[in-house]
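Asker: Numbering (the numbering used here), first residue to last: 567 to 1195.
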Amino acid sequence: MDTAFEAFCEAGLWPGLGRANAGKLAAAHINGPDDISADALAAIDGISGPKAQQLLRSFDDLGRSRFGVAELLFRANLPVRAAFGAVDAFGRDAATVLQTDPWRLLEVPGVEVREADRLALAILDERPTKEDRRRGRALTCWVLTRAARDGHTVMPEATVVAALVGIDAPDPAGAIAAAIDDGTAVEILNDDDAAAEPAREIGLLRYAIAEDTIAEGLTRLAATASPLGGPDDRATVEDLLDPAQRAAVDTVAEHGVAVLHGGPGTGKSRTVAAVVELARKAGKRIALAAPTGRAAKRLEELTGEPATTVHRLLGAQGRTGEFLRGETWPLDADVVVVDETSMLDVELAAALVGACADGTHLLLVGDPAQLPSIGPGRVLGDVLDSSAVPAIELTTLHRQAEGGSIARLASAVRGGELPPVDDPTREVVVVAAEGSEDAARRVVQLVTDSIPRVLGIESADIQVVTPVHRGAAGTAALNARLKAELNPGSGTVGAFDVGDRVVATANHLDDGFANGEVGVVAGLADGVLQVDFGAGPVAVPSKLLSDLVHGWALTVHRAQGSEWPAIVVALPPEASGMISRPLVYTALTRAQQHLSIVHAAGSALARGVREVGARPRRTRLAALLRDRD
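#1: Considering only residues of the same chain and omitting the five flanking positions on each side of glutamate 777, which have a CB-CB separation below 8 Å?
#2: Name the residue from Ser1056, Thr1071 and Ala1070 whose alpha carbon lies nearest to the alpha carbon of valine 1064.
#3: Identify the continuous beta strand (DSSP E) that holds serine 952 and give its terminal residues.
#4: Report buried or exposed for valine 709, applying the criterion of at least 16 other Cβ atoms within 10 angstroms of its Cβ.
#5: Whether or not the stretch 691-706 and the stretch 739-748 are in contact is what I'm after, with contact meaning three or more pairs of Cβ atoms, one per stretch, closer than 8 Å; do they touch?
#6: Report the start-end ranges of each alpha helix (DSSP H) in the stretch 623-647 that is 4 residues or longer and not cut off at the edges.
#7: So, for leucine 1192: in the same chain, excluding its five sequence neighbours on each side, which residues have a beta-carbon less than 7 Å away from its beta-carbon?
#8: What do you reckon, are the CB atoms on valine 823 and leucine 880 nearer than 8 Å?
#9: Looking at the structure shown, is glycine 589 part of a helix, part of a strand, or coil, going by DSSP?
#10: Which residues in the same chain have their Cβ closer than 8 Å to the Cβ of leucine 963, if we skip the five residues on either side of it in sequence?
#11: What is the DSSP secondary structure of arginine 680, reduced to helix, strand or coil?
#12: If you check the beta carbons only, do glycine 1166 and alanine 999 fall under 8 Å apart?
#13: Since glycine 932 is in the beta strand (DSSP E), which residue starts that stretch and which ends it?
#14: Please name the residue in Thr569, Ala751, Glu906 and Ala957 whose C-alpha comes closest to that of glycine 932.
#15: Which value, in whole angstroms, describes the spacing of the CA atoms of glycine 629 and valine 1097?
#16: With DSSP as the reference, label alanine 1061 as helix, strand or coil.
#17: Should aspartate 1098 be counted as a contact of the ligand HEM given a C-beta to heavy atom distance under 7 Å?
#18: According to the Cβ coordinates, are proline 986 and isoleucine 1145 closer than 8 Å?
#19: Would you list the residues sitting across from serine 1162 in a DSSP beta bridge?
#20: For the beta strand (DSSP E) containing alanine 855, list its first residue and its last residue.
#21: From arginine 1183 to isoleucine 775, what does the alpha carbon distance come to, in whole angstroms?
#22: Give me whichever residues DSSP pairs with glutamate 767 in a beta bridge.
#23: Just confirm the distance between the C-beta atoms of tryptophan 669 and alanine 660, as a whole number of angstroms; I'd bet it's less than 8 Å.
#24: Valine 1104 to leucine 1095, Cα distance in whole Å?
#25: Kindly list the residues whose CB is nearer than 7 Å to the CB of isoleucine 1023, restricted to its own chain and excluding five residues on each side of it in sequence; keep chain order.
#26: Could you give the distance in angstroms between the alpha-carbon of isoleucine 1028 and the alpha-carbon of alanine 1070?
#27: With H, G and I counted as helix, E and B as strand and the rest as coil, what does DSSP make of glutamate 516?
#28: Tell me which residues share the same chain as valine 903 and place their Cβ nearer than 7 Å to its Cβ, disregarding the 5 neighbours each side in the sequence.
#29: Since phenylalanine 1099 and glycine 1085 should fall inside the 8 Å C-beta cutoff, what is the C-beta to C-beta distance between them, to a whole number of angstroms?
#30: Beta-carbon of histidine 718 versus every beta-carbon of chain D: anything under 8 Å?
#31: Buried or exposed for valine 825, going by 16 or more other Cβ atoms inside 10 Å?
#32: To the nearest angstrom, report how far apart glutamate 1129 and proline 736 are at their CA atoms.
#33: Within this structure, are the beta carbons of alanine 1006 and alanine 1043 separated by less than 8 Å?
#34: Cβ of arginine 860 within 8 Å of Cβ of aspartate 900?
#35: To the nearest angstrom, how far is it from the Cα of leucine 984 to the Cα of leucine 583?
#36: Measuring straight from C-alpha to C-alpha, what distance separates proline 956 and glycine 634?
Encoded structure:
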């Protein structure tokens, strides 16, 4: 590209301007922002008057801010597509932010240190040095952010120092001090082990605040709640429960905060229904939520009370991460029940706890053996490890007739064992495959033919899960093959046709859908998709299509929190290094009626289940809760 404007248009940074029309701008003498007008755009063949007005508005609304960043990146010979993330991170003043501190480019996902250094060299009036405190601050936050992607909320100072040395920070101590002075990072003295010298840890301020908020909030709720109903009320809802389940209901009734956990088939759902019935009898306002739409719908069907996603319960605002509900406007509920809480990261959990008014009963339901949250922290595990909150584990396997084989296999995997599968009922089937291509072929055969024909479960009720995105048996390739078989088409709008299964990859609650929700394209017109995410059609305009992907095959992490009548788990050789007990367990427990495992990972499967437990995460929530106990 010869100019920043050409690179800007080619990169798709101008909302609504397709590649074909971008190639016509120069001929229309539109070579920069000053040349843009409705008349100039309307003179281009293929752009109508209304379309020209729309393009002008979209450039002024978002494109102009992106262009300001693209100019800076172009000067540094960097990919201008990073302007997308920069404007998302810094807003309309993104260019000004980067001109003042070019190393803040490291806050944009995917940017490397060398790229931020190159930007600084290109746009700063003075020649930048590696000792610049702005660089030190940014590098420290970059190291901590990468640690957070692995789930950590804090890191030992020595580990941070070593990482800084590895990315060419000449003064690691000064870099850490710069981040602390700036208020983006904090130092924490970890004296959890009384026999050891307190260790200095470093963490991002945002996660420190979140963990403090959770600990303070749980302590507050425990201290302010009154008993829920009397013994007679509890007796009426406990008739069909076993002793452990009855004890769970009593514990929830007596305490402001409680945790109910256990594997599939142990009666968590029945116990939750009893708690909700008790709250209903006591005349209490009830709020039910789960991290995913499918889990919320399941909770609603189980209890007969409305349920929603946690984000919707809290009034999440678009993609900003802000919530309407909080300390100043708490939830209108006396009893809050949240399912699938292993998926809660520290910031979402902090928002939830902070939105519960004094006196609220909070019941956290989940399975700590599943994969931890995608975001940082291990909230459910830390709460359990702290022993500061009453917790009830259900262990008796009740689900024998319905889901028995699946539940028994999942229970064995949960304990680190992988027994041979010999199930004449075909509730669980293991299909051996030789390599990724053979695994992909067998997955498609199971979804399109074998399971519908033999078991009578329609393809629409079958979900494929796999640990990987890439490879013949990764999500990308499997979705392409499944679309070709189940709903062939070239993609009428974007890559999508009516009948396609899709999944959202970002929150757009203002537009009616949330990250991780799976739906089906119900209609399309004028660049707008109508997608049914389970509660009726939602209009998805063209500008949001990049946040939808095909959803016949999902990663295990994205499938977490949802269940389907039938699950096909693909385990190709590429997944060997990723296989762990929590991953396998999470994949298996997505199935309600039937589970097929396409196994091409060799000995890595048994070894992973036997030897690879939950990968450790460094957090401080458990210690904070113990300190308040």
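For glycine and all other residues, C-beta sits at the position ideal for the given N, C-alpha and C.
Answerer: Quick look at the numbers:
#1: Thr719, Val912, Ala916, Gly943, Thr1185, Arg1186, Leu1187 and Leu1190
#2: Ser1056
#3: Segment 945-952 is the alpha helix (DSSP H) holding serine 952; no beta strand (DSSP E) there.
#4: buried
#5: yes
#6: 630-641
#7: For the record, residue 1192 in the displayed sequence is arginine; it is not leucine. Excluding residues within five positions, the ones whose Cβ falls inside 7 Å are Ser952 and Ala954.
#8: no
#9: coil
#10: Gly829, Gly831, Thr832, Ala973, Arg974 and Ser977
#11: helix
#12: Here the sequence assigns alanine to residue 1166, which means glycine is not the residue at that position. Cβ atoms of alanine 1166 and alanine 999: closer than 8 Å.
#13: 927-932
#14: Glu906
#15: 27 Å
#16: coil
#17: For the ligand HEM, the structure offers nothing, since it holds no ligand at all.
#18: no
#19: Val995 and Val1134
#20: 852-856
#21: 18 Å
#22: Pro722 and Ile754
#23: The Cβ separation is near 14 Å, so there is no contact.
#24: 8 Å
#25: Ile1017, Pro1131, Ala1132, Gln1159 and His1160
#26: 18 Å
#27: The requested residue 516 is not part of the displayed model; the chain covers only 567 to 1195.
#28: Val838, Val841, Val842, Leu854, Leu929 and Val931
#29: 4 Å
#30: Among the protein chains of the structure shown there is no chain D, as only one such chain exists.
#31: buried
#32: 50 Å
#33: yes
#34: no
#35: 53 Å
#36: 54 Å
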